[in-house]
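Worksheet for the structure shown next.
Numbering (the working numbering), first residue to last: 87 to 597.
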């Protein structure tokens, strides 16, 4: 019995069943009331007749409501001992009615029944522990998937629905907030997530990234302004009186105690931090934090804050909203031929995820890569675009950002993309976006490297050939440009679409 208890404690139910089988030279299993095995010492009893004996014995024992039974066949016997306590009347208990079954050759040893009856006690306890662990894992998986769902809702602007789900999971979603993208070693996400909860007193919303297995996404609250520091309506600048954006500070400027502590949680931990924003800006906040993460890889402190600056969607909204709505109108109006096929909104979500995450979009959308490829071909046909080309990708990316909730096509869509990019607001944005390439301290050939990369649809092999260098050399140059531009280039979400649009706007302005 000491051996049985030790096995149940160290190896669980399967180890105990194997030991009983070896000791009694029998087939042992945990069976349901219908005789099917939950787990067993071997795949099946040695003979078909013995399997039938177990099935008939389990059903008979369950029907009669007895705790133990012996059913004898021509050359063997099935001994069954109840493992689950009888639940109260009308209560269904998961796994109820299970029994320890053993098939022994006749005549079986006199002490076999006593050993099986005694072993049923630690076996039942071991099964209860395993059931509890399984339910805990299922609950943890359900919570993780629910948190992913909340993140998806936030990214799609459905804040009220995200709030409703978040309230059931706790804590409440912080608003205003900063988003942190934390990159840690494989297998360390759980420890870093617990550390984040400790550092924020449980007020941060932590999500395991569905795309990158080493990333955690953290929505952490920011202090609200006091009444004395909160701007009044009279003092708040209007759109007409708002001054031009100040030069963008370097990423990582200023300290962030939470980012410092998260980076210190693991010697290989990296942290990117977004600007402060509201929950409706979650998509932009994630992009900002991801770009800051690319900068953090080259910093000794292993974290960086996003450098504030004008966003393209803001600069291009006035000249480009009508163009974007007209471009996407066929997609928004698309009706699938079959009810099970994706509609316009689902195709929009698919192509948006692909533009942001490339092939990793399959993890985000939880679809097969062939399904993703089929949907992208459909989008190409509906919109008349070539998504293998960076110019068409960039145009579609801008159009999606200018119509976050989808708007009907205007009567007058205006001009094309070049007319939007030639607008003075967009030209000023482009000049600021590309300014670091010619700033003091920029590496030699920065503009040449970036231009070649954009001309070759951000493909490394033809870019390296055009520059006359090796592929690793081209990668190193682009890595240096990531720190210079404070944007991610080689990993998605990448700034490649904005950079192509900025280059095009600059070219139109100089034409």
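All residues carry an ideal CB built from backbone N, CA and C; glycine is no exception.
Of the candidates 561, 535, 534 and 483, 483 places its Cα closest to the Cα of residue 587. In this structure residue 267 does not touch residue 238 by the C-beta definition: roughly 16 Å separates them, more than the 8 Å allowed. Cα atoms of residue 133 and residue 108: separation of roughly 18 Å, rounded to the nearest angstrom. Residue environment for residue 426: exposed (fewer than 16 other C-beta atoms within 10 angstroms of its C-beta).
For the stretch 498-572, there is no continuous beta strand (DSSP E) assignment of 3+ residues that stays within its boundaries. Under the DSSP assignment, residue 356 falls outside any alpha helix (DSSP H), being part of the beta strand (DSSP E) whose first and last residues are 356-359. Ranking 308, 512, 464 and 377 by CA distance to the CA of residue 405 puts 512 first. Going by beta carbons, residue 553 and residue 585 fall outside the 9 Å limit.
The C-beta separation of residue 567 from residue 591 comes to about 19 Å, leaving the pair out of contact by the 8 Å criterion.
If you check the CB distance, residue 370 and residue 399 come in under 9 Å.
According to the DSSP assignment, residue 381 belongs to the alpha helix (DSSP H) that extends over 368-382. Here the alpha carbons of residue 579 and residue 241 stand approximately 14 Å from one another. Take the alpha-carbon of residue 538 and the one of residue 360: they are about 29 Å apart. The residues 438, in chain order, have a CB closer than 6 Å to that of residue 486 in the same chain once the five nearest residues on each side in sequence are set aside.
Per the Cβ contact rule, the stretch 182-200 is in contact with the stretch 116-130 (3 or more Cβ pairs under 8 Å).
The straight-line gap separating the alpha-carbon atoms of residue 144 and residue 189 is approximately 12 Å. Residue 162 has its alpha-carbon roughly 17 Å from the corresponding atom of residue 146. For the set 265, 148 and 285, the Cα lying nearest the Cα of residue 295 is the one of 265. Sequence-distant partners of residue 120 (beyond 5 residues in either direction) whose C-beta falls short of 8 Å from its own C-beta, in its chain, are 141, 144 and 145.
With contacts defined by Cβ atoms closer than 9 Å, residue 473 and residue 466 form a contacting pair. Membership of residue 226 in any beta strand (DSSP E) is not indicated; the residue belongs instead to the alpha helix (DSSP H) covering 198-241. The DSSP-derived three-state label of residue 453 is coil. Residue range 154-158 is occupied by the beta strand (DSSP E) that includes residue 158. Under the three-state reduction of DSSP, residue 443 is assigned to helix. Between residue 476 and residue 543, the C-beta spacing is below 9 Å. Cα atoms of residue 139 and residue 164: separation of roughly 7 Å, rounded to the nearest angstrom. Ranking 344, 509 and 469 by CA distance to the CA of residue 401 puts 509 first. For residue 391, the uninterrupted beta strand (DSSP E) run begins and ends at 389-391, by DSSP. Separation of residue 445 and residue 577 (C-alpha to C-alpha, rounded to the nearest whole angstrom) is 11 Å. The three-state reading of DSSP puts residue 482 in helix, counting H, G and I together.
Per the DSSP secondary-structure output, residue 409 pairs with nothing in a beta bridge. DSSP places residue 124 inside the beta strand (DSSP E), whose first and last residues are 123-126. By the C-beta density criterion, residue 233 is buried, having at least 16 other C-beta atoms within 10 angstroms. Judged by DSSP secondary structure, residue 141 falls within the alpha helix (DSSP H) whose first and last residues are 134-150.
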